[in-house]
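What follows is a short report on a single structure.
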């Protein structure tokens with residue numbers, strides 16, 4: 001009994017964990033993903049009067065064992081992208097494949113089965129746990145849904161294991177979410193998403209609702225679990241220092257588009273998209289002298305409404321380098337060398 | 351036995367009103383079951399010489415316009431009024447709750463159609479519509495039950511729908527969807543447990559109301575046919591002449607005590623079912 005359990009907690013720790021191998025097949029492949037939400041009017045005979053362009057032509061790959069950071073301001077479409085991958089929103093168009101299986105076309109039973117491989121950790125640990133269930137029942141639920149671990153004793157044993165894995169201990173099994181702190185709740189959420197041994201976990205701002213000291217604990221836990229179980233993360237956040245800390249590669253989103261995508265170090269040291277550059281210059285430097293002398297680029301104006309995005313490059317109304325062509329067509333996301341992708345006609349240093 | 355005593359004293363400390371409510375209900379249950387033994391007179395036999403007698407030892411609650419003993423009629427009336435109230439509320443809750451659940455969870459056209467039907471029913475004053483339905487179906491106990499249910503389910507549907515809609519966008523529902531749960535599990539395991547307590551509390555508060563609507567129909571000859579005693583009809587008759595206060599007051603007190611007992615219990619249930627307010631356990 002205990003043997004079979006432990007094998008499921010430790011799925012192939014040996015070879016899969018290294019995130020460096022570049023020649024590997026991507027785990028997740030997103031191509032030309034578009035998600036538009038209709039704006040309707042009228043009561044019975046509803047008319048669509050427009051669309052919110054939440055995600056516009058987004059493409060990227062996620063490789064097994066890596067963490068892809070997805071950053072951007074509120075409303076830039078990063079959460080929608082995550083939810084489209086999980087099929088919580090159905091994509092308007094485009095393709096999303098997980099290990100070669102096209103998710104956007106899946107329905108019913110086959111989608112249900114695929115859901116085992118991808119899980120989510122939510123932003124608000126106070127809203128993501130059913131208040132009427134004990135921790136044990138919350139974590140058992142995914143096992144019960146997929147009929148795993150046979151009988152109730154086996155499932156309970158698995159819950160105790162998962163609680164240990166996330167650093168809570170089995171004494172939490174009988175508690176209700178309201179009896180736990182934010183950090184403890186987030187650990188329960190983590191245990192819940194680990195229960196199915198997913199390949200991909202989408203972390204939707206998992207630490208932004210937590211205290212800074214707790215943030216560090218959860219981030220370290222995420223990193224440990226990744227190493228232990230060979231997990232792949234898509235880490236959605238607006239906090240750049242958090243993303244820098246945890247990600248192998250980072251994609252920057254602006255108004256539904258990915259404008260720059262590069263290795264984490266490369267992106268933070270050498271941003272070439274004007275928007276990324278402006279974002280980086282907003283990160284506080286914990287050194288007053290450097291902070292005094294640094295060159296800041298402060299953006300003018302607000303993000304345009306995603307219901308009526310500007311033509312061409314979405315950033316051009318706020319961009320200091322913009323020329324006529326920027327308002328005419330959207331630049332392609334091109335490799336500027338060393339897998340540093342940027343969608344800009346006039347990138348910095350280029 | 352000792353365990354029961356401990357549990358009772360705990361409940362008493364946590365919520366004395368709920369215990370009081372339960373005792374009242376228990377009392378009515380005893381009255382309902384042992385009506386023959388408790389009623390000291392026959393509630394059906396008329397004695398015109400004895401009409402409109404105020405309360406006395408012989409007739410503790412006095413007599414009505416036909417000289418019938420009101421105490422006995424209240425006791426026997428419980429056999430009609432209490433089950434009727436339960437049936438009306440129970441069926442309304444099931445029907446309205448299901449409609450609200452379906453409308454709220456599936457949304458779109460289903461929601462529009464079901465809610466317009468609700469609006470249709472709610473746009474009439476309840477008693478008038480119930481009257482029309484009962485009259486159309488013809489006078490009988492069952493028909494008037496149907497009529498009262500037909501006007502009281504929409505409030506449950508409305509409440510349930512609004513609760514389900516707010517629930518549908520909650521992250522813990524997203525979580526079970528992302529885990530791959532089928533719709534019945536999502537509804538039964540997550541949506542219903544988080545909405546049902548509010549609907550249930552509404553039902554306990556609605557019990558007195560259902561009794562009164564039914565009483566209105568009885569009064570107009572569409573509910574329980576005379577001479578069988580029914581509280582609502584008795585109040586309606588007595589309300590015509592308040593100088594004979596006892597005719598309306600005692601059946602009225604019966605209704606009030608029953609409704610109030612449920613309100614007490616409903617309040618306590620809300621506290622019990624809402625984990626953030628849990629005190630009893």
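Chains as they are written, first to last, in my numbering: chain A, 1 to 350; chain B, 351 to 631.
All C-beta atoms, glycine included, are put in the ideal place defined by N, C-alpha and C.
Since the model is a prediction, treat every value here as computed from it, not as a measurement.
**Report entry** residue 234 of chain A classed as buried or exposed, judged by whether at least 16 other C-beta atoms fall within 10 angstroms
**Finding:** buried
Query raised in the report: Per DSSP, which one or two residues make a beta bridge with residue 51 of chain A?
Result: A:38
Query raised in the report: By Cβ distance below 8 angstroms, which residues in the same chain neighbour residue 562 of chain B in space, the five residues on each side in sequence not counted?
Result: 582 and 605
Query - Nearest to residue 309 of chain A (by Cα), restricted to the options A:106, A:36 and A:64 - result: A:36
Requested in this report: Ignore the nearest five residues each way along the sequence and tell me which others in residue 596 of chain B's own chain have a CB closer than 7 angstroms to its CB.
Outcome: 404, 405, 411, 412 and 420
**Report entry** Three-way DSSP call (helix, strand, coil) for residue 83 of chain A in this model
**Finding:** helix
Query raised in the report: Would you say the stretch 260-267 of chain A touches the stretch 282-293 of chain A, given that touching needs at least three Cβ pairs under 8 angstroms?
Result: no
Requested in this report: Within 10 angstroms of the Cβ of residue 362 of chain B, are there 16 or more other Cβ atoms? Answer buried if so, exposed if not.
Outcome: exposed
Query - CB contact check: residue 540 of chain B to chain A, cutoff 8 angstroms - result: yes
Query - Strand pairing of residue 202 of chain A, partner residues [DSSP] - result: A:120 and A:234
Report task. Could you list the residues in the stretch 59-89 of chain A with a C-beta less than 7 angstroms from some C-beta on chain B, going in chain order? Result -> 86 and 88
Report task. Output yes if chain A places a C-beta closer than 8 angstroms to the C-beta of residue 619 of chain B; else output no. Result -> no
Report task. Have a look at residue 450 of chain B and residue 542 of chain B and give me their C-alpha separation to the nearest angstrom. Result -> 11 angstroms
Requested in this report: Between the Cα of residue 80 of chain A and those of A:149, A:52 and A:112, spot the shortest distance and give me the residue it belongs to.
Outcome: A:52
Report task. Can you tell me the Cβ-Cβ gap for residue 502 of chain B and residue 530 of chain B, rounded? I've got them flagged as a contact below 8 angstroms. Result -> Contact flag wrong, Cβ pair sits at about 38 angstroms.
Query raised in the report: Do you know offhand how far residue 154 of chain A's Cα is from residue 610 of chain B's?
Result: 48 angstroms
Report task. Report yes if the CB atom of residue 120 of chain A is closer than 8 angstroms to the CB atom of residue 528 of chain B, and no otherwise. Result -> yes
**Report entry** Exposure label - residue 151 of chain A; buried when at least 16 CB within 10 Å
**Finding:** exposed
**Report entry** residue 164 of chain A versus residue 71 of chain A - alpha carbon distance
**Finding:** 31 angstroms
**Report entry** Buried versus exposed, by CB contacts within 10 Å (16 or more), residue 463 of chain B
**Finding:** exposed
Query raised in the report: Do residue 104 of chain A and residue 90 of chain A have their C-beta atoms closer together than 8 angstroms?
Result: yes
Query raised in the report: Counting only beta-carbon atoms, is residue 522 of chain B nearer than 8 angstroms to chain A?
Result: yes
Query - residue 292 of chain A (DSSP reduced to helix, strand or coil) - result: helix
Query raised in the report: What are the boundary residues of the alpha helix (DSSP H) that includes residue 493 of chain B?
Result: 491-518
Requested in this report: Take residue 429 of chain B and list the residues in its own chain whose beta-carbon comes closer than 7 angstroms to its own, dropping the five residues that flank it on each side.
Outcome: 382 and 385
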